[in-house]
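*Asks:* Quick one: the structure is below, questions incoming.
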Amino acid sequence: MRNKTIIKYFSAALILGALFTSCEDSIDKDNPPIPYASIGGYDNSDEIAADNLISKISFEDNVVDSKNGLSGGTASGINFEAGAKGMAYKGSTTGMIAFTDVSDRIKNVKSITQSMWIKTSQHTGGAQCIFMLPKTTDFWGNIFVLVEASSDGKMLLKFHIQKDVTPPVAWAGQFIETGGANKLEGMYDKWKHLVWSYDGTTSTFALYVDGVMIPLPDSITKRYASDPAQGGLPLGNLANSNVSKFVIGGFQQHLGSPWANPDGWMLKYTGLMDEFRLYDKALSSSEVNALYKLEKDNR
């Protein structure tokens, strides 16, 4: 009698298990996984201005540019650590990446957006270079971004853009910086999404932190080819020249010949960096905001 009871309960358990399995299968078929909600009309960060994305380096334990805008990359003195999205570049006082080959789309960029995640600590002397598009015939190169020294807990960023044309314009190489009242607060020792752009059609510079445009005065955002007080025209399209190589985490002077040795104030970037991107257009505010949110969501 006991054996019959055990068999009866075991059979019931098998039947119930089969029923539950059947129900689960039915539920799975009738209710597929819920997709991520789109952000700004995009499901993935690479969908944003996809045709204009000319370089993307994610630092997933390597320095490969998935868009092939930069190639021949050699890393020295760097490590890879947990980043804002996957792994990230970790710089040092001796670290940088030197790329030997630069695509024509990067060389000939007329408008630009550069985006990245950074996490760095305040330094009180010199300037750390995040990246530079070198120029063999000029001390300052074509395009770069620097983090200047600071002692007040606010970040001073310096940008350089270039319009080398014939006949030349008076203000061919331009420095743009967030100095004085425009220094950025809350930028140190935490991951921050940093984006800057220059629009050649409107001669306008823009800066974004964590998807939000930073309010800056016209003296910074509006760029001219010569003194506007003397009737200077808008700067217009960028024009790089004599481009050779590309460096992340250092100055062109750190690449050696044909550049002279770096000055003492020229420092390598010691912080973290992730999701380095270059676009050959100025992204809109909505595109930048979507990029920030999607990358933050690991998409």
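Its first residue numbered 127, the sequence shown is counted upward by one per residue in the working numbering. The beta carbon of each residue, even a glycine, is placed where N, CA and C say it ideally should be. Treat the numbers as computed from the prediction; the structure is a model and nothing was measured.
Given Asp325, which residues of its chain have a CB within under 6 Å of its CB, disregarding the five upstream and five downstream residues?
*Replies:* The residues Ser237 and Ala408, in chain order, have a CB closer than 6 Å to that of Asp325 in the same chain once the five nearest residues on each side in sequence are set aside.
*Asks:* Output needed for Gly203: all residues of its chain with C-beta closer than 6 Å, excluding positions within five of it in sequence on either side, in chain order.
*Replies:* Ser218, Thr220 and Gly221
*Asks:* With DSSP collapsed to three states, give me the class of Ala307.
*Replies:* helix
*Asks:* Sorted by chain position, which residues of the same chain lie with C-beta nearer than 8 Å to Asp389's C-beta, five sequence neighbours on each side aside?
*Replies:* Gln379
*Asks:* Spatial neighbours of Lys216 within its chain, please: CB distance less than 7 Å, with the 5 preceding and 5 following residues excluded, ordered by chain position.
*Replies:* Ile204, Asn205, Phe206, Glu207 and Leu398, listed in sequence order.
*Asks:* Note down the Cα distance separating Arg231 from Ala365, rounded to an integer number of angstroms.
*Replies:* 12 Å
*Asks:* Output the distance between the C-alpha atoms of Ser277 and Ser247, rounded to the nearest integer angstrom.
*Replies:* 11 Å
*Asks:* Comparing alpha-carbon positions, which option in Lys318, Ser410 and Tyr168 lies nearest Met242?
*Replies:* Lys318
*Asks:* Relative to the C-alpha of Leu404, which residue among Asn188, Ala175 and Gly362 is closest?
*Replies:* Ala175
*Asks:* Going by DSSP in three states, Pro360 sits in which element: helix, strand or coil?
*Replies:* strand
*Asks:* Just to confirm, are Leu342 and Ala351 a CB contact at a threshold of 9 Å?
*Replies:* no
*Asks:* Where does Ile232 sit, in a helix, a strand or coil, going by DSSP?
*Replies:* helix
*Asks:* Keeping to the same chain, check which residues put their C-beta closer than 8 Å to that of Thr347; ignore five residues upstream and five downstream.
*Replies:* Thr330, Phe331 and Ala332
*Asks:* Cβ atoms of Asp406 and Asn178: under 9 Å apart, would you say?
*Replies:* yes
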